[in-house]
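Last residue of the sequence shown? That's 982 in the numbering used here, and every number before it is there in order. Here a beta-carbon is modelled for each residue, glycine too, at the ideal position from N, C-alpha and C. Computed from a predicted model, the values in this text were never measured in an experiment.
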Amino acid sequence: MCWPTDCCGRSWTAARPPACRWWSTPSAATTPSTAAASLTPNQKEAGQATGIAIHDLDGLRLAGAELLARTDAACVLITRGEHGMALFERGGAEHHLPTEAREVFDVTGAGDTVIAVYTAALAAGATYLDAANLANHAAGLAVRELGTATITAAQIREAVGNAPDAPTAPAPVVSRADLAAWAADLRRDGRRLVFTNGCFDLLHRGHVEYLAEAAALGDVLLVAVNDDASVSALKGPERPLVPLSDRLAVLAHLRPVGALTIFGEPTPLETILLARPDVLVKGAEYAETDIVGAAEVRGWGGEVVRVSMRAGRSTTAIIAAVKRLP
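Encoded structure:
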């Protein structure tokens with residue numbers, strides 16, 4: 657635990673960038689330090705400090721923006737218990753990390769574990785997102801222990817590197833004819849449907865991280881994939897490099913992907929109208945006014961989330977690098 661005054665004092669001067677966990681109580685909300693480079697409230701604290709009721713992603717986003725506006729912090733990491741974490745960076749980038757907890761026996765000390773690992777990672781030179789990912793894994797380990805637990809670097813390395821205990825079945829490909837009924841079944845079960853779309857030609861790290869963040873926003877991630885003809889129309893006659901059947905096969909085996917569907921129109925609007933997702937996800941490079949389907953999703957009470965892609969990771973960049981080879 658770090659109080660705001662500590663962040664400006666001798667105990668934190670060695671860490672660059674510094675991270676501050678500030679604390680607020682129902683009786684009096686503490687003002688976050690304007691000197692901290694990063695704030696790490698939990699969701700309740702974020703709501704108390706900003707006066708914003710956080711009931712959904714819109715409220716969460718507003719609280720993150722308000723904390724950034726009130727301080728000089730470069731980012732705000734809001735911990736959300738069983739819902740994972742949300743990282744809001746100055747400039748508009750936001751990242752949603754699903755919980756890494758597989759078994760929960762005792763949440764004692766989980767918040768302190770987050771701030772300790774997050775700060776240590778930042779001091780070692782990690783990016784805010786990578787530090788948050790490490791802290792998320794550490795918290796998942798801490799809640800598996802009874803009472804206050806000490807998490808070692810070796811445990812975190814093992815958690816980050818471990819594959820799932822058992823292989824999962826590939827995600828199904830839902831036909832256009834079945835899509836509306838499939839999505840309606842999810843709604844009847846009370847499950848939150850997240851939608852995104854793309855070509856996904858030459859799958860790379862940026863794609864995988866983007867899909868993981870999208871999946872964390874709900875229960876099932878539906879990925880609408882451009883067919884080969886529409887990829888050619890968008891990208892040029894030399895694309896796609898990877899045919900639709902292979903792109904679907906690779907995507908189907910990614911853990912974040914819950915289901916796939918195919919579209920061939922210039923935009924995915926018709927597919928969005930059939931699926932009626934609760935959350936529409938697109939890259940942060942798009943303004944919301946330019947996102948196809950945003951107005952429609954907002955119209956039926958859904959949310960629109962812009963997720964940042966990792967800089968420098970793109971199919972176009974890979975192709976350019978290959979062409980430079982001798």
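Review point. Going by alpha carbons, who is nearest to P899 out of V881, I708, G914, A839?
Key: The count along the sequence shown starts at 1 and reaches residue 899 at position 243. When each option's Cα is compared against that of P899, the closest is V881.
Check your understanding: Looking at the unbroken beta strand (DSSP E) that takes in R962, where does it start and where does it end?
Key -> In the sequence shown, counting from the first residue as 1, residue 962 sits at position 306. It spans 959-963 - the beta strand (DSSP E) in which R962 sits, taken as one unbroken run.
Exercise for review: Assign T706 to one of three DSSP states: helix, strand, or coil.
Suggested key: Looking up residue 706 in the sequence shown gives position 50. Reduced to three states, the DSSP call for T706 is helix.
Review point. Are there 16 or more other CB atoms within 10 angstroms of the CB of R980, so buried, or fewer, so exposed?
Key: As a working note, residue 980 is residue 324 in the sequence shown. With fewer than 16 Cβ atoms within 10 Å of its Cβ, R980 is classed as exposed.
Check your understanding: For V773 versus A794, is the C-beta spacing smaller than 7 Å?
Key -> Reading the sequence shown from its first residue, position 117 is the one you call residue 773. Reading the sequence shown from its first residue, position 138 is the one you call residue 794. Contact flag set, yes.
Exercise for review: Work out the CA separation of P828 and I734 for me, nearest whole Å.
Suggested key: For this step, residue 734 is matched to residue 78 along the sequence shown. For this step, residue 828 is matched to residue 172 along the sequence shown. Each residue's alpha carbon lies about 33 Å from the other.
Review point. So E722 is in the alpha helix (DSSP H); what residue range does that whole segment cover?
Key: Walking along the sequence shown from the start, residue 722 turns up at place 66. Counting along the chain, the alpha helix (DSSP H) containing E722 begins and ends at 713-726.
Review point. Nearest-angstrom Cα distance between R832 and F919?
Key: Taking the sequence shown and counting its residues from 1, one reaches residue 832 at position 176. Taking the sequence shown and counting its residues from 1, one reaches residue 919 at position 263. Rounded to whole angstroms, R832 to F919 spans 8 Å at the Cα level.
Point to revise | E952, enclosing beta strand (DSSP E) - first and last residue | key: Within the sequence shown, the letter at position 296 stands for residue 952. Run containing E952: none in the beta strand (DSSP E); it sits in the alpha helix (DSSP H), 950-955.
Review point. A822 to R911, Cα distance in whole Å?
Key: If you number the sequence shown from 1, residue 822 lands on position 166. If you number the sequence shown from 1, residue 911 lands on position 255. Note that A822 has pLDDT 41, beneath the 50 cutoff, so the model's placement of it is unreliable and no number is given.
**Study point:** For T927 and A836, the rounded distance between their alpha carbons
**Key:** As a first step, residue 836 is located in the sequence shown; it is residue number 180 there, counting from the start. As a first step, residue 927 is located in the sequence shown; it is residue number 271 there, counting from the start. One C-alpha to the other measures close to 9 Å.
Exercise for review: Would you mind listing the alpha helix (DSSP H) stretches within the segment 797-870 that are 4+ residues and don't spill past its ends, in chain order?
Suggested key: 809-817, 832-844
**Study point:** Candidates G703, A787, G817, A725, of which the one nearest L743 by Cα
**Key:** Taking the sequence shown and counting its residues from 1, the one referred to as residue 743 is at position 87. Of G703, A787, G817, A725, the residue nearest in Cα terms is A787.
Practice item. Please list the segments of the beta strand (DSSP E) lying wholly inside the segment 890-929, counting only runs of 3 or more residues, in order along the chain. Key: Counting only unbroken stretches of 3 or more residues, the beta strand (DSSP E) elements lying wholly within the segment 890-929 are 915-919, in sequence order.
Review point. Measuring CB to CB, does D857 end up less than 7 Å from L897?
Key: For the purposes of this step, residue 857 is taken as the residue at position 201 of the sequence shown. For the purposes of this step, residue 897 is taken as the residue at position 241 of the sequence shown. Yes, they are a contact pair.
Exercise for review: Using alpha carbons as the reference points, say which of A931, A872, D946, S888 lies closest to E756.
Suggested key: Locating residue 756 in the sequence shown gives position 100, counting from the first residue. Relative to the Cα of E756, the nearest Cα in the group A931, A872, D946, S888 belongs to A872.
Check your understanding: Is DSSP giving G874 helix, strand or coil here?
Key -> Position 218 of the sequence shown, counting from 1, holds the residue named residue 874. Under the three-state reduction of DSSP output, G874 falls in the coil class, being neither helix nor strand.
Check your understanding: Does the distance from the CB of A751 to the CB of L790 come in under 7 Å?
Key -> Reading the sequence shown from its first residue, position 95 is the one you call residue 751. Reading the sequence shown from its first residue, position 134 is the one you call residue 790. Rather than Ala, the amino acid found at residue 751 in this sequence is His. For H751 and L790, no; Cβs fall outside 7 Å.
Review point. Quick one: any contact between the segment 933-943 and the segment 845-853, if contact means 3 or more CB pairs under 8 Å?
Key: These segments touch.
Exercise for review: Count the other C-beta atoms from every protein chain shown that fall within 10 angstroms of the C-beta of E738, then say buried if there are 16 or more, exposed otherwise.
Suggested key: Here residue 738 corresponds to residue number 82 of the sequence shown, with the count starting at 1. So E738 ends up on the exposed side.
Exercise for review: Reducing DSSP to helix, strand and coil, say where T783 ends up.
Suggested key: Along the sequence shown, one-based indexing puts residue 783 at 127. T783 falls in the coil class under three-state DSSP.
Review point. Exposed or buried, G707, counting other C-beta atoms within 10 Å across all chains shown (16 or more means buried)?
Key: In the sequence shown, counting from the first residue as 1, residue 707 sits at position 51. The residue is exposed, with fewer than 16 neighbouring Cβ atoms inside 10 Å.
Point to revise | L878, buried or exposed, once every other Cβ within 10 Å from all chains shown has been counted against 16 | key: The residue you call residue 878 lines up with position 222 of the sequence shown. The residue in question, L878, is buried, as its Cβ has 16 or more Cβ neighbours within 10 Å.
Practice item. Return helix, strand or coil for I771, following the three-state DSSP convention. Key: Position 115 of the sequence shown, counting from 1, holds the residue named residue 771. Note: I771 maps to helix in three-state DSSP.
Check your understanding: Thinking C-beta only, is A931 closer than 7 Å to A839?
Key -> Taking the first residue of the sequence shown as position 1, residue 839 is located at position 183. Taking the first residue of the sequence shown as position 1, residue 931 is located at position 275. Yes, Cβ-Cβ distance for A839 and A931 is below 7 Å.
Practice item. Would you kindly report the start and end of the unbroken beta strand (DSSP E) that includes G737? Key: Walking along the sequence shown from the start, residue 737 turns up at place 81. Note, G737: premise wrong, no beta strand (DSSP E); not H, not E.
**Study point:** Residues near I960 in its chain [Cβ-Cβ closer than 7 Å; skip 5 each side]
**Key:** Walking along the sequence shown from the start, residue 960 turns up at place 304. Here the sequence assigns Val to residue 960, which means Ile is not the residue at that position. Answer for V960: L936, E944, I947, A950, V953, R954, listed in chain order.
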